[in-house]
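Okay, so the sequence shown: first residue is 20 according to our numbering, each after it adds one.
Where a beta carbon is used, it is the ideal one built from N, C-alpha and C, also for glycine.
Since the structure is predicted, the reported quantities are computational estimates derived from the model, not experimental observations.
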Amino acid sequence: MKLILLGPPGSGKGTQAAFIRDRFQIPVISTGDIIRAQLKSGSEEGLKLKSYIDQGELVPDDLVIRIVEDRLAQPDCQNGFILDGFPRTVAQAQALEAMGTKVDAVIDIALPDEIIVDRLSGRRVCPSCGASYHTTVIPSANGTHCDRCGSELVQRNDDTPAVIRNRLAVYGESTAPLTAYYRAEGKVIPISSEGSVEDVKAAIFGALEALQ
Ligand code: AMP
Numbered sequence: 020m021k022l023i024l025l026g027p028p029g030s031g032k033g034t035q036a037a038f039i040r041d042r043f044q045i046p047v048i049s050t051g052d053i054i055r056a057q058l059k060s061g062s063e064e065g066l067k068l069k070s071y072i073d074q075g076e077l078v079p080d081d082l083v084i085r086i087v088e089d090r091l092a093q094p095d096c097q098n099g100f101i102l103d104g105f106p107r108t109v110a111q112a113q114a115l116e117a118m119g120t121k122v123d124a125v126i127d128i129a130l131p132d133e134i135i136v137d138r139l140s141g142r143r144v145c146p147s148c149g150a151s152y153h154t155t156v157i158p159s160a161n162g163t164h165c166d167r168c169g170s171e172l173v174q175r176n177d178d179t180p181a182v183i184r185n186r187l188a189v190y191g192e193s194t195a196p197l198t199a200y201y202r203a204e205g206k207v208i209p210i211s212s213e214g215s216v217e218d219v220k221a222a223i224f225g226a227l228e229a230l231q
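The structure is reproduced here in structure tokens:
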């Protein structure tokens with residue numbers, strides 16, 4: 020199963036991607052996580068990317084495309100994968116096709132902007148394994164450390180109100196057109212993210228099981 024998770028920042032893509040990974044045993048490829056890992060490594064390439072991320076801008080297409088091409092060539096992607104945060108532009112979608120990758124479905128998660136700002140402001144992430152929590156909606160067991168690996172949770176630099184607003188603007192301008200792009204191919208599964216995490220999960224699983 021080859022899936023794309025589309026949706027604005029804060030719509031719950033990462034949380035739902037982890038559920039799909041566990042249920043269907045396919046890896047999650049999060050370009051945001053890969054880029055943040057490069058930043059942490061202190062590589063020259065990583066440092067160049069820091070200002071894009073901190074301002075909520077997209078990093079250049081050619082760079083992200085290279086990252087995804089390398090990752091999809093790994094053996095664990097042979098039986099399928101979940102792309103979380105890629106493609107984010109029509110050029111990236113075209114590059115994915117040019118790699119010979121045919122996706123089975125595009126899960127398009129929608130959520131109103133005002134809810135997004137609240138969700139992202141409360142988001143806490145694990146810097147080690149990438150697990151995502153929310154201070155009130157999905158807190159970790161002790162509120163401060165990751166349930167999966169025990170690392171101390173942090174707030175992302177780009178989860179601040181001004182950067183969130185820019186990320187939403189960038190999404191509307193560059194990424195939202197991908198819904199129409201994939202709808203033309205009949206691949207879009209629209210999902211509302213306004214319900215609980217469990218409701219959204221049930222809606223996605225229902226659609227994916229029907230697809231199988
Ligand atoms: P995310 O964790 O998916 O919210 O991504 C965090 C940041 O990484 C984004 O705001 C962008 O700066 C960068 N990024 C992640 N994926 C992409 C992509 N496909 N294209 C361009 N920039 C990306």
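Margin query: Nearest by alpha-carbon distance to L130: which of P209, L227, R85 and A124 is it?
Written below: Translated into the one-based positions of the sequence shown, residue 130 becomes position 111. It is P209.
Notebook entry, point to check: So what does F100 bridge to, in DSSP terms?
Noted result: Position 81 of the sequence shown, counted from the start, is the residue given in the question as residue 100. DSSP lists K21 as partners of F100.
Check: Should the segment 78-85 be regarded as contacting the segment 107-117, the criterion being three or more beta carbon pairs within less than 8 Å?
Finding: Touching, yes.
Notebook entry, point to check: Which residue or residues does DSSP assign as beta-bridge partners of Y152?
Noted result: Here residue 152 is taken as the residue at index 133 of the sequence shown, counted from 1. DSSP, once it has assigned bridges, lists R143 as partnering Y152.
Item checked: Which listed residue (I86, I45 and F38) has its alpha carbon closest to that of G51 -> For this step, residue 51 is matched to residue 32 along the sequence shown. The option with the nearest alpha carbon to G51 is I86.
Notebook entry, point to check: Taking 6 Å as the line, does the beta carbon of I54 fall inside it for any heavy atom of ligand 1?
Noted result: As a working note, residue 54 is residue 35 in the sequence shown. The answer is yes for I54.
Notebook entry, point to check: With distances taken between CB atoms, is the gap from S170 to S147 smaller than 7 Å?
Noted result: In the sequence shown, the residue the question calls residue 170 occupies position 151. In the sequence shown, the residue the question calls residue 147 occupies position 128. Cβ distance < 7 Å, so S170 and S147 count as in contact.
Notebook entry, point to check: Among residues of its own chain, excluding the 5 on either side of C168, which ones have a beta-carbon nearer than 7 Å to its beta-carbon?
Noted result: As a position in the sequence shown, residue 168 is number 149, starting the count at 1. So the qualifying residues of the chain are C145, S147 and C148.
Check: Grouping DSSP H, G and I as helix and E and B as strand, with all else coil, what is E76?
Finding: In the sequence shown, the residue the question calls residue 76 occupies position 57. E76: coil per DSSP, three-state reduction.
Item checked: For S62 and D73, the rounded distance between their alpha carbons -> Taking the first residue of the sequence shown as position 1, residue 73 is located at position 54. Taking the first residue of the sequence shown as position 1, residue 62 is located at position 43. Between the C-alpha atoms of D73 and S62 there is a straight-line separation of about 17 Å.
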